[in-house]
Amino acid sequence: MILGSHVNFGTEQLLGATKQALSYGANTFMFYTGAPQNTIRKSLDESLTKEAQELMQNNGIDINNVICHAPYIINLANKTKAEAWNFSISFLKQEIKRVEALGVRYIVVHPGNFLQMEVRDALDAIAEALNYILSPSDSVMILLETMAGKGTECGRNMAEVKYILDHVTLKDKVGVCLDTCHLNDSGVDIADFDNYLNDFDKLIGIAKIKCIHLNDSKNPCGSHKDRHENIGLGTIGFANLLHVLDHEKLKDVPKILETPYVGEYAPYKYEIAMLKSKEFNPHLLEDIQSNK
Ligand SMILES: [Zn+2]
Numbered sequence: 009m010i011l012g013s014h015v016n017f018g019t020e021q022l023l024g025a026t027k028q029a030l031s032y033g034a035n036t037f038m039f040y041t042g043a044p045q046n047t048i049r050k051s052l053d054e055s056l057t058k059e060a061q062e063l064m065q066n067n068g069i070d071i072n073n074v075i076c077h078a079p080y081i082i083n084l085a086n087k088t089k090a091e092a093w094n095f096s097i098s099f100l101k102q103e104i105k106r107v108e109a110l111g112v113r114y115i116v117v118h119p120g121n122f123l124q125m126e127v128r129d130a131l132d133a134i135a136e137a138l139n140y141i142l143s144p145s146d147s148v149m150i151l152l153e154t155m156a157g158k159g160t161e162c163g164r165n166m167a168e169v170k171y172i173l174d175h176v177t178l179k180d181k182v183g184v185c186l187d188t189c190h191l192n193d194s195g196v197d198i199a200d201f202d203n204y205l206n207d208f209d210k211l212i213g214i215a216k217i218k219c220i221h222l223n224d225s226k227n228p229c230g231s232h233k234d235r236h237e238n239i240g241l242g243t244i245g246f247a248n249l250l251h252v253l254d255h256e257k258l259k260d261v262p263k264i265l266e267t268p269y270v271g272e273y274a275p276y277k278y279e280i281a282m283l284k285s286k287e288f289n290p291h292l293l294e295d296i297q298s299n300k
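Under the numbering used here, think of the first position of the sequence shown as 9, with each following residue one higher.
As structure tokens, this is what we get:
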């Protein structure tokens with residue numbers, strides 16, 4: 009299994025992220041190249057990048073499975089505010105260059121918010137933005153994330169994701185990231201994940217799925233909330249999440265935990281151990297809090 013979590017890209021940049029992932033027992037990870045809620049970015053330190061790549065190689069992390077996440081304030085949909093739309097485009101372009109310099113292959117992007125726009129116009133704007141951003145020489149693939157449908161989020165169902173993909177010119181530069189919490193909250197029953205995957209395969213193609221955010225949810229199916237819960241403690245449940253993790257058709261797809269901290273403690277080491285053991289740990293929260 010290819011399993012990791014969100015980690016921090018701190019002062020040691022990719023090296024710090026790699027060290028953190030290894031301390032969690034992970035063989036992949038996901039990072040933001042700066043704060044997720046802003047676009048302030050420090051320049052990359054080449055020697056740290058090189059050291060990180062060596063550390064990965066020596067510890068069984070394939071950099072091809074490592075994921076970057078774009079800041080969520082980027083909105084490729086809102087073309088009515090030209091300045092903000094253009095900023096989102098140029099920022100994402102820059103971010104792709106940074107990801108390329110790190111040697112990482114994938115960047116996850118939230119499609120955007122339609123706000124006061126017609127949904128169709130917003131989806132067209134997203135595709136148009138992607139067509140500005142992508143170039144044939146890019147080594148990085150943009151992964152559109154499936155969203156919960158909170159507020160005016162685009163990408164809240166398969167049809168919207170397909171619409172965007174259909175209108176992108178460089179189709180091999182765009183893939184999809186499924187988020188189990190978002191799917192649940194958008195109205196997909198993860199207990200019936202095989203059915204969803206069959207539909208996805210017919211409409212879009214399973215090969216487009218390049219990353220899975222493996223999260224439990226605090227809210228019931230169809231709630232359109234997007235609040236992540238620790239593995240096995242939410243409405244999706246351990247068995248259903250384990251089924252996604254172990255799915256034969258998705259075995260080469262990296263799975264990333266974005267579950268909440270428990271107090272000040274990151275839950276990932278404990279959740280990864282639990283998922284690897286394939287047995288629910290009823291003491292998960294106590295274990296995380298005692299930070300054993
Ligand atoms: Zn996301």
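Where is the CB? At the ideal position from N, CA and C, for every residue including glycine.
Residue i CB to nearest heavy atom of ligand 1 below 7 Å
i: Val116; result: yes
i: Glu103; result: no
i: Glu153; result: yes
i: His255; result: no
i: His2; result: In the structure as shown, the chain starts at 9 and stops at 300, and residue 2 therefore has no counterpart that could be examined.
i: His251; result: no
i: His77; result: yes
DSSP state of residue i mapped onto helix, strand, coil
i: Asn121; result: strand
i: Leu241; result: coil
i: Tyr80; result: coil
i: Ile214; result: helix
i: Tyr273; result: strand
i: Glu161; result: strand
i: His232; result: coil
i: His14; result: strand
Residue i, enclosing beta strand (DSSP E) - first and last residue
i: Asp187; result: Val182 to Asp187
i: Leu265; result: Lys263 to Leu265
i: Phe39; result: Thr36 to Phe39
Contact under 8 Å by Cβ, residue i with residue j
i: Val182; j: Leu138; result: yes
i: Cys162; j: His236; result: no
i: Ile141; j: Ile69; result: no
i: Ala78; j: Ile115; result: yes
i: Thr36; j: Pro275; result: no
i: Asp224; j: Ile244; result: yes
i: Glu108; j: Ser147; result: yes
i: Leu283; j: Leu30; result: no
i: Thr177; j: Leu123; result: no
i: Lys158; j: Lys233; result: yes
i: Leu23; j: Leu63; result: yes
Residue range of the unbroken alpha helix (DSSP H) whose run includes residue i
i: Ile10; result: From DSSP, Ile10 is part of no alpha helix (DSSP H); its letter is neither H nor E.
i: Lys58; result: Glu54 to Asn66
i: Glu279; result: Tyr276 to Ser285
i: Glu153; result: No alpha helix (DSSP H) contains Glu153, which is instead part of the beta strand (DSSP E) from Met149 to Glu153.
i: Ile48; result: No alpha helix (DSSP H) contains Ile48, which DSSP labels as neither H nor E.
i: Lys27; result: Gln21 to Ser31
i: Leu253; result: Phe246 to Leu253
i: Ala85; result: Neither: Ala85 is in no alpha helix (DSSP H) and is coded neither H nor E.
Which residues DSSP lists as bridging residue i, in chain order
i: Asp224; result: Glu237
i: Ser169; result: Rather than Ser, the amino acid found at residue 169 in this sequence is Val. Note: Val169 sits in no beta bridge, so no partner.
i: Tyr114; result: Ile75 and Met149
i: Glu108; result: None, per the DSSP bridge assignment.
CB contact below 8 Å: residue i versus chain C
i: Phe39; result: Within the model displayed, chain C is absent; a lone protein chain is all it includes.
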